[in-house]
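Peer 1: Next up is a structure, given as structure tokens.
Have a look at this one:
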């Protein structure tokens, strides 16, 4: 499988958020205190790639406040270059996580309207400078879901990458709560952005949304049919990566990973994931694992296995970000293991 042959860094573009979560599976109405961590889809991917040994630059804007300071410190601590993190007066994007337990699922409430990032203009970002010498731009469908301003930001980032000859990885990351909050047309907007993507993180349901069609069959056959339809619709697209997740309860999931190229595909066996510590950010960890191997020029099998391994490992790590290093990923075993001494 061909990967990028350029030397340089990865750029991730999107909003950094603060997450406030109920501890110990409590309901929000039971809590007098919440656990705070820094996250956000693109920041999570950046942290994963940096932890796996890649040079990563985060392109975003944060408020000039103690909350913005906390977010920037977390990016720096994860090994992410923050030279292109802008600051301005305003508010920080937040979300609240009510942690699930047993058969009660977790739930999320967003509080990010009017944040510094969401109200930014494309002219406030130096895309050309951040992308100079870059190997890849990663962004997701969360940015355009923020509203017309977010659409303009995502379009500007993609246009800058195309102009600079930098491949684009686009994660659909469909968030119905965000799209439904305004008079949006997600199919049209996301399809336009996907036209420039080399890599897509998304499954057959995401492709159905983009193409406005359903796919027949079950399992791997349906996923391959959807992938081929996406390759036909998007000429620049070279790789599609996705997971299949079966939720038994909040602490027990079964997960498999799949990557599709134009000339072949590989789907892993399903892994039982039990004793889940934190479900949030696992999709971003999957993207980081896939991109890690793509940047190394690995084959489809290694790429799918890395994506699976990193997403499974993230289930054991609290917070939004997966900070597991390359040695732990390479030695990952679905059966776990004894203490390494």
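Numbering (full-length UniProt numbering), first residue to last: 1 to 341.
Cβ atoms here follow ideal geometry from the backbone N, Cα and C, with glycine treated the same way.
Bear in mind that the values here come from a model prediction, so they are computed numbers and not experimental data.
Should residue 204 be labelled buried (16 or more other beta-carbon atoms within 10 Å of its own) or exposed?
Peer 2: Residue numbering aside, residue 204 sits at position 204 when the chain shown is read from its first letter. Counting Cβ neighbours within 10 Å, residue 204 comes out buried, since at least 16 surround it.
Peer 1: Going by C-alpha distance, which of 102, 313, 92 is nearest residue 288?
Peer 2: Counting from 1 along the chain shown, the entry for residue 288 is found at position 288. Residue 313 is the option with its Cα nearest to residue 288.
Peer 1: At which residue ranges does the region 68-114 contain complete beta strand (DSSP E) runs of 3 or more residues, listed in the order of the chain?
Peer 2: Complete beta strand (DSSP E) runs here, min 3: 85-88, 94-98, 107-111.
Peer 1: Is it the case that the Cβ atoms of residue 41 and residue 78 are separated by a distance below 8 Å?
Peer 2: Stepping through the chain shown from its first residue, residue 41 is reached at position 41. Stepping through the chain shown from its first residue, residue 78 is reached at position 78. No.
Peer 1: Rounded to the nearest angstrom, how far is the Cβ of residue 124 from that of residue 86, given a contact under 8 Å?
Peer 2: By 1-based counting over the chain shown, the position of residue 124 is 124. By 1-based counting over the chain shown, the position of residue 86 is 86. Correct: roughly 6 Å between the Cβ atoms.
Peer 1: The alpha helix (DSSP H) spanning residue 142 covers which residue range?
Peer 2: Here residue 142 is taken as the residue at index 142 of the chain shown, counted from 1. Residue 142 -> alpha helix (DSSP H) spans 142-145.
Peer 1: Pull up the DSSP beta-bridge partners for residue 322, would you.
Peer 2: To locate residue 322, count along the chain shown from 1; it is residue 322. Paired residues: none, contrary to the question.
Peer 1: How would you call residue 283, buried or exposed, if buried means at least 16 neighbouring beta carbons within 10 angstroms?
Peer 2: Taking the first residue of the chain shown as 1, we reach residue 283 at position 283. Its Cβ being crowded by 16 or more others within 10 Å, residue 283 is buried.
Peer 1: If contacts are defined as beta-carbon pairs under 8 Å, then residue 154 and residue 144 qualify, I think. What distance do you get, rounded to the angstrom?
Peer 2: Reading the chain shown from its first residue, position 154 is the one you call residue 154. Reading the chain shown from its first residue, position 144 is the one you call residue 144. So it is a contact: roughly 4 Å between Cβ atoms.
Peer 1: If residue 229 sits next to residue 207, beta carbons under 8 Å apart, how far is it from one beta carbon to the other, in whole angstroms?
Peer 2: Against the chain shown, residue 229 aligns to sequence position 229. Against the chain shown, residue 207 aligns to sequence position 207. At roughly 6 Å, the Cβ-Cβ gap stays under 8 Å, so residue 229 and residue 207 are in contact.
Peer 1: Is residue 29 helix, strand or coil when you go by DSSP?
Peer 2: Translated into the one-based positions of the chain shown, residue 29 becomes position 29. Residue 29: helix per DSSP, three-state reduction.
Peer 1: Figure out for me which residue from 18, 189, 260, 179 has the closest Cα to the Cα of residue 39.
Peer 2: Translated into positions along the chain shown, residue 39 becomes position 39. Cα-wise, what sits closest to residue 39 is 18.
Peer 1: Taking the CB atoms as reference points, tell me whether residue 23 and residue 35 lie closer together than 8 Å.
Peer 2: Within the chain shown, the letter at position 23 stands for residue 23. Within the chain shown, the letter at position 35 stands for residue 35. Going by C-beta atoms, residue 23 is nearer than 8 Å to residue 35.
Peer 1: Is it buried or exposed for residue 268, if we count other Cβ within 10 angstroms and need 16 for buried?
Peer 2: Within the chain shown, numbered from 1, the residue matching residue 268 stands at position 268. The residue is buried, with at least 16 neighbouring Cβ atoms inside 10 Å.
Peer 1: Which residues does DSSP pair with residue 63 in a beta bridge?
Peer 2: For the purposes of this step, residue 63 is identified with residue 63 of the chain shown, where counting begins at 1. For residue 63, which the question treats as bridged, DSSP gives the partners 88.
Peer 1: Return the chain-ordered list of same chain residues with a C-beta closer than 7 Å to the C-beta of residue 177, the five sequence neighbours on each side being excluded.
Peer 2: As a first step, residue 177 is located in the chain shown; it is residue number 177 there, counting from the start. Contacts found: 110.
Peer 1: Return the first residue and the last residue of the beta strand (DSSP E) that residue 18 is part of.
Peer 2: The residue labelled residue 18 in the question sits at position 18 within the chain shown. Per DSSP, residue 18 belongs to the beta strand (DSSP E) from 17-21.
Peer 1: Distance check for residue 148 and residue 286, CA to CA, integer angstroms please.
Peer 2: Along the chain shown, read from residue 1 onward, the residue named residue 286 stands at position 286. Along the chain shown, read from residue 1 onward, the residue named residue 148 stands at position 148. Rounded to the nearest angstrom, the two C-alpha atoms are 28 Å apart.
Peer 1: Return helix, strand or coil for residue 279, following the three-state DSSP convention.
Peer 2: Along the chain shown, one-based indexing puts residue 279 at 279. Residue 279 falls in the coil class under three-state DSSP.
Peer 1: Helix, strand or coil for residue 274 per DSSP?
Peer 2: If you number the chain shown from 1, residue 274 lands on position 274. Reduced to three states, the DSSP call for residue 274 is strand.
Peer 1: So what does DSSP say about residue 303, is it helix, strand or coil?
Peer 2: Locating residue 303 in the chain shown gives position 303, where the first residue counts as 1. Reduced to three states, the DSSP call for residue 303 is helix.
Peer 1: For a minimum of 4 consecutive residues, which ranges assigned as the alpha helix (DSSP H) are wholly contained in the region 199-255?
Peer 2: With a minimum length of 4 residues, the continuous alpha helix (DSSP H) runs that stay inside the region 199-255 are 204-211, 219-233.
Peer 1: Can you tell me whether residue 278 is buried or exposed, with buried defined as 16 or more other CB within 10 angstroms of its CB?
Peer 2: In the chain shown, counting from the first residue as 1, residue 278 sits at position 278. Per the 10 Å Cβ criterion, buried.
Peer 1: How big is the Cα-Cα spacing for residue 300 and residue 308?
Peer 2: Translated into the one-based positions of the chain shown, residue 300 becomes position 300. Translated into the one-based positions of the chain shown, residue 308 becomes position 308. Near 12 Å, if we compare the C-alpha coordinates of residue 308 and residue 300.
Peer 1: Measuring alpha carbon to alpha carbon, tell me which residue in 95, 59, 133, 296 is nearest residue 84.
Peer 2: Within the chain shown, residue 84 is the residue found at index 84, counting from 1. Of the listed residues, the one whose Cα sits closest to residue 84 is 59.
Peer 1: Evaluate residue 114 with the Cβ neighbour count: other Cβ atoms within 10 Å of its Cβ, from every protein chain shown; 16 or more gives buried, anything less gives exposed.
Peer 2: The residue you call residue 114 lines up with position 114 of the chain shown. Exposed, by the Cβ-count rule.
Peer 1: Roughly how many angstroms separate the alpha carbons of residue 324 and residue 46, rounded to a whole number?
Peer 2: Counting from one through the chain shown, the residue named residue 324 turns up at place 324. Counting from one through the chain shown, the residue named residue 46 turns up at place 46. Cα to Cα, the separation comes out at about 12 Å.
Peer 1: Helix, strand or coil for residue 4? Go by DSSP, reduced to three states.
Peer 2: As a working note, residue 4 is residue 4 in the chain shown. Only weak support exists for where residue 4 lies, its pLDDT of 36 falling under 50; the value from the coordinates is given anyway. Residue 4: coil per DSSP, three-state reduction.
Peer 1: Per DSSP, what kind of secondary structure is residue 266 in: helix, strand or coil?
Peer 2: Residue numbering aside, residue 266 sits at position 266 when the chain shown is read from its first letter. Three-state result, residue 266: strand.
Peer 1: When the distance is taken between beta carbons, is residue 168 closer than 8 Å to residue 197?
Peer 2: Against the chain shown, residue 197 aligns to sequence position 197. Against the chain shown, residue 168 aligns to sequence position 168. In contact: residue 197 and residue 168 (Cβ atoms closer than 8 Å).
Peer 1: Does DSSP put residue 258 in a helix, in a strand, or in coil?
Peer 2: The sequence position of residue 258 within the chain shown is 258, counting from 1. Residue 258: strand per DSSP, three-state reduction.
Peer 1: Residue 250: which of 48, 119, 98 sits nearest, CA to CA?
Peer 2: Along the chain shown, one-based indexing puts residue 250 at 250. Nearest option by C-alpha distance: 98.
Peer 1: Indicate whether residue 25 and residue 63 have their beta-carbon atoms separated by less than 8 Å.
Peer 2: The residue labelled residue 25 in the question sits at position 25 within the chain shown. The residue labelled residue 63 in the question sits at position 63 within the chain shown. Contact: no.
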